[in-house]
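Residue numbers (my numbering), protein chains in the order written: chain A, 75 to 479; chain B, 30 to 405.
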């Protein structure tokens, strides 16, 4: 009875907890469980009924719960450079310690890696495979040279997709049912469309929700979108946002004076600080690459292969820029905040140019701050405050000019 | 001995002023294409009648590249971009950029919007490199690269010409292997820096001319009487080990480079390109055969096993890891490879290095202490 009364936020949180619990239960039943890269084609494992957990999500959660620095320092003690990705350091520390008070995930029997977001994943997973002495399956998706995904890549990814299924069948003893795969693909499309509908409501003024919520909801979008429960949860979320938008209401606390694009991964260890500095000034996040760009739309298997090559950080620069500019303009941003994330060489390597061109093409002011996804040592609250203050002043001046002009 | 000195001096001059090689080629009407590491099909540039010109950065302070790359990007890419931004690479008809590490993926756009005048040829190759599908993907993309090179050179390249370039490059690799062995046997005649320069010069010279020079040098070395010196024998590993200061410290500490697993050095010459009916298939297959480089997908860390094997075969006293600062692939490899060396009882010293390093005192202390320890 209470099921019907739950809001989308609760449903999504419970679903996330259930997915995590499913992996523990599978492990207890003696089933093979995997560790999986966040942008690995989830259709394979979902269709085969194989439980996987996501070390990147663990990295984010441990960071958010305050364990990032301790775990990173442990990895550094093992010989890992402090310059490496903090998600990787947290996970490699966990692999060594076998415990983590903030969050534990079941240890894997195999590894599923995909480098469409970064090549750092490959090296991280190579080390895990060696430490844990378990098989590693890589679906290699080479970075795109052009705006579309070419036939060479589709063919190469497809061959790896098929090979992965065969290897997983051998490892887990579970067989791929291709009817079930088609079903999972259809459910994933349903989830993606609902996700797009939900994040699409950010174009309303005011946006019906606080954009930081996307950082929390994307975990399920990432890991569970092949399930009916996720599709229903995102449909509920979209319905709620649309209802708020129709009424001109918002779950954002306070008046939405300014709207910004936030570029990059959240600073999980400093989430409250980064959020508060914005919220207290009436700044709402209404555009992020985790919005429309974080969907996987396809009609058939070949298009599925291409969809995994068109994820953020795998695209050529011009398409990455276009995604942000379109999102920013559509969602009527007054400014943009760019996170120079110390962990991510890929995300940061073109960030200065991205920021310049975004500013030129949208005409809105921008600032860059230094931070990290899960290592709080790379974040300076004072610097962040100063940058946000400066951005607010420019946005205010711009609005004044707009009003006067 | 004078002949050896003279040839080493010539190769030193090439490395001291690579731009002179580029200018000479341009003056002869030959186009040139910049080639960034790693595993670009240079042979295709050569087959198209152009000079492949290695872009390995340079020891310099940067002032412009920071507008594009953050400070935590490796110095190789910072300084290579800086050279482009300062106009020091003007005259190149294009640059080839492999998309095989996260910072390299960002090089093309930074170059395009920063330098502008020299076009970028992206080079994608498969990380699942030992599979049929991977080889086919790499072959197809290398064919595409060839198409771009044909447009730039204005020349249609036949398979026969590619096969000739492959043979010429394999001869160069054989010459480099022979030189490496001769240099290791004659520390009295070839210092660590001279060894490196003789190899590195090949990235700026015509490969045929480089082969001829190396062969003559190796022949001269082999005619020398057996070396009276038996210093410490070191195997180096890393991306780059070409710092004159660092190699000078190694020489001062009485060390000889007995062999290497350095991307710039044996990363180029250890693995030949297989001869295949379609020569581009051979170029793709070489990627599947190569080992010992951190940018390659290496699920079993063959790199570590290879390093142990190299060190044992060279009778090495220890391994020096020249750790490229801000290089993710190297920093990840370090932990498991260090353990593999430990298990094999091979002493290791890691020295962090980047091309903007101004002071080497810390490295000097570490290398001297390491050498002392090895001498027991």
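Idealized CB from N, CA, C, for every residue including glycine.
Below-8 Å beta-carbon distance, residue 69 of chain B vs any chain A residue: On the second chain, position 40 is the one that residue 69 of chain B refers to. Chain A has no Cβ within less than 8 Å of the Cβ of residue 69 of chain B.
Listed by chain order, chain B residues near residue 152 of chain A by CB distance under 9 Å: Position 78 of the first chain, counted from the first residue, corresponds to residue 152 of chain A. The answer, in chain order, is 364.
Local Cβ density within 10 Å of residue 116 of chain A, reported as buried at 16 or more and exposed below that: Indexing the first chain from 1 puts residue 116 of chain A at position 42. It counts as buried.
Residues in the segment 339 to 367 of chain B having any Cβ partner in chain A nearer than 8 Å: For the segment 339 to 367 of chain B, the beta-carbon criterion of a distance under 8 Å to any beta-carbon of chain A is satisfied by 354, 355, 357, 358, 360, 361, 362, 363, 364, 365, 367.
Closest residue to residue 398 of chain A among A/379, A/429, A/229 (Cα-Cα distance): Position 324 of the first chain, counting from 1, holds the residue named residue 398 of chain A. Minimum Cα distance to residue 398 of chain A is reached at A/429.
For residue 247 of chain B and residue 207 of chain B, the rounded distance between their alpha carbons: Reading the second chain from its first residue, position 178 is the one you call residue 207 of chain B. Reading the second chain from its first residue, position 218 is the one you call residue 247 of chain B. Each residue's alpha carbon lies about 7 Å from the other.
Boundaries of the alpha helix (DSSP H) in which residue 316 of chain A is found, first to last residue: On the first chain, position 242 is the one that residue 316 of chain A refers to. Run containing residue 316 of chain A: 302 to 320, per the alpha helix (DSSP H) assignment.
Under 7 Å by beta carbon: chain A residues contacting residue 101 of chain B: Working through the second chain from its first residue, we reach residue 101 of chain B at position 72. 157, 416, listed in chain order.
is_contact[residue 76 of chain A, chain B] using C-beta, thresh 8 Å: In the first chain, residue 76 of chain A corresponds to position 2, counting from 1. Reliability fails at residue 76 of chain A, whose pLDDT of 48 lies under 50, so the model's placement of it is uncertain and the value that follows must be treated cautiously. Not closer than 8 Å to any Cβ of chain B, the Cβ of residue 76 of chain A fails to qualify, so no.
Short-range partners of chain B found in the segment 105 to 129 of chain A, where Cβ spacing is below 8 Å: none
Cross-chain neighbours of residue 201 of chain A in chain B, by beta carbon under 7 Å: Mapped onto the first chain, residue 201 of chain A falls at position 127. Going along chain B in sequence order, the residues near residue 201 of chain A (Cβ under 7 Å) are 361, 364, 365.
Chain-order list of residues whose beta-carbon lies under 6 Å from that of residue 309 of chain A (same chain, five-residue window excluded): Taking the first residue of the first chain as 1, we reach residue 309 of chain A at position 235. Once the five neighbours on either side are set aside, the close Cβ partners of residue 309 of chain A are 268.
8 Å Cβ cutoff, residue 303 of chain B in contact with chain A: Counting from one through the second chain, the residue named residue 303 of chain B turns up at place 274. It does not: the Cβ of residue 303 of chain B has no partner Cβ on chain A nearer than 8 Å.
First and last residue of the uninterrupted alpha helix (DSSP H) at residue 347 of chain B: Residue 347 of chain B sits at position 318 when you count from the first residue of the second chain. Counting along the chain, residue 347 of chain B falls outside any alpha helix (DSSP H), though it belongs to the beta strand (DSSP E) covering 347 to 353.
is_contact[residue 479 of chain A, chain B] using C-beta, thresh 8 Å: In the first chain, residue 479 of chain A corresponds to position 405, counting from 1. Interpretation of residue 479 of chain A is limited by its pLDDT of 38, a score under 50 that renders its predicted location unreliable; no figure is taken from the coordinates.
Neighbourhood of residue 196 of chain B by C-beta, 8 Å cutoff - its chain only, sequence neighbours within 5 removed: The sequence position of residue 196 of chain B within the second chain is 167, counting from 1. 304.
Span of the beta strand (DSSP E), counted from its first residue to its last, around residue 447 of chain A: On the first chain, residue 447 of chain A is found 373 positions in, with the first residue counted as 1. Counting along the chain, residue 447 of chain A falls outside any beta strand (DSSP E), and DSSP gives it neither H nor E.
Cβ pair residue 289 of chain B, residue 323 of chain B closer than 8 Å: Within the second chain, numbered from 1, the residue matching residue 289 of chain B stands at position 260. Within the second chain, numbered from 1, the residue matching residue 323 of chain B stands at position 294. No, Cβ-Cβ distance for residue 289 of chain B and residue 323 of chain B is not below 8 Å.
Contact the segment 353 to 369 of chain B vs the segment 390 to 405 of chain B: 3+ CB pairs below 8 Å: no
One or two residues paired with residue 265 of chain B in a DSSP bridge: Reading the second chain from its first residue, position 236 is the one you call residue 265 of chain B. DSSP lists B/289, B/349 as partners of residue 265 of chain B.
Rounded straight-line distance, which links the Cα of residue 90 of chain A to that of residue 304 of chain A: By 1-based counting over the first chain, the position of residue 304 of chain A is 230. By 1-based counting over the first chain, the position of residue 90 of chain A is 16. Rounded to the nearest angstrom, the two C-alpha atoms are 9 Å apart.
First and last residue of the uninterrupted beta strand (DSSP E) at residue 337 of chain A: Position 263 of the first chain, counted from the first residue, corresponds to residue 337 of chain A. Start and end: 332 to 337.
Residue 100 of chain A vs residue 125 of chain A beta-carbon contact at 8 Å: Here residue 100 of chain A refers to the residue found at position 26 of the first chain. Here residue 125 of chain A refers to the residue found at position 51 of the first chain. Going by C-beta atoms, residue 100 of chain A is nearer than 8 Å to residue 125 of chain A.
C-alpha gap between residue 109 of chain B and residue 473 of chain A, whole angstroms: Here residue 109 of chain B corresponds to residue number 80 of the second chain, with the count starting at 1. Here residue 473 of chain A corresponds to residue number 399 of the first chain, with the count starting at 1. One C-alpha to the other measures close to 42 Å.
Continuous alpha helix (DSSP H) stretch holding residue 377 of chain A: start and end: Position 303 of the first chain holds residue 377 of chain A. Segment 375 to 383, the alpha helix (DSSP H) holding residue 377 of chain A.
Chain B contact for residue 234 of chain A (CB, 8 Å cutoff): The residue given as residue 234 of chain A occupies position 160 in the first chain. Closer than 8 Å to some Cβ of chain B, the Cβ of residue 234 of chain A qualifies, so yes.
Option nearest residue 243 of chain A by Cα separation, candidates A/229, A/448, A/209: In the first chain, residue 243 of chain A corresponds to position 169, counting from 1. That would be A/209, whose Cα lies nearest to the Cα of residue 243 of chain A.
When B/391, B/385, B/382, B/376 are compared against residue 405 of chain B, the one with the closest alpha-carbon: Taking the second chain and counting its residues from 1, the one referred to as residue 405 of chain B is at position 376. Cα-wise, what sits closest to residue 405 of chain B is B/376.
Rounded C-alpha distance that separates residue 76 of chain A from residue 85 of chain A: Indexing the first chain from 1 puts residue 76 of chain A at position 2. Indexing the first chain from 1 puts residue 85 of chain A at position 11. Legend: pLDDT at residue 76 of chain A = 48, less than 50; position of this residue unreliable, value from coordinates given subsequently. Distance between the alpha carbons of residue 76 of chain A and residue 85 of chain A: 11 Å.
Residue range of the alpha helix (DSSP H) that includes residue 245 of chain A: In the first chain, residue 245 of chain A corresponds to position 171, counting from 1. Start and end: 225 to 246.
Residue 298 of chain A burial status per 10 Å Cβ neighbour count (16 or more: buried): As a working note, residue 298 of chain A is residue 224 in the first chain. Buried.
Three or more C-beta pairs below 8 Å linking the segment 51 to 69 of chain B and the segment 116 to 125 of chain B: yes
Assigned secondary structure, residue 44 of chain B (DSSP; H/G/I helix, E/B strand, else coil): On the second chain, position 15 is the one that residue 44 of chain B refers to. In this structure, residue 44 of chain B counts as helix in the three-state DSSP scheme.
Chain-ordered residues of the segment 197 to 212 of chain B with a beta carbon less than 7 Å from chain A: none
Proximal residues, the segment 96 to 123 of chain B versus chain A, C-beta separation under 7 Å: For the segment 96 to 123 of chain B, the residues whose beta carbon sits under 7 Å from a beta carbon of chain A are, in order, 96, 97, 98, 99, 101, 102.
Residue 68 of chain B versus residue 84 of chain B - alpha carbon distance: By one-based count along the second chain, residue 68 of chain B stands at place 39. By one-based count along the second chain, residue 84 of chain B stands at place 55. Distance between the alpha carbons of residue 68 of chain B and residue 84 of chain B: 13 Å.
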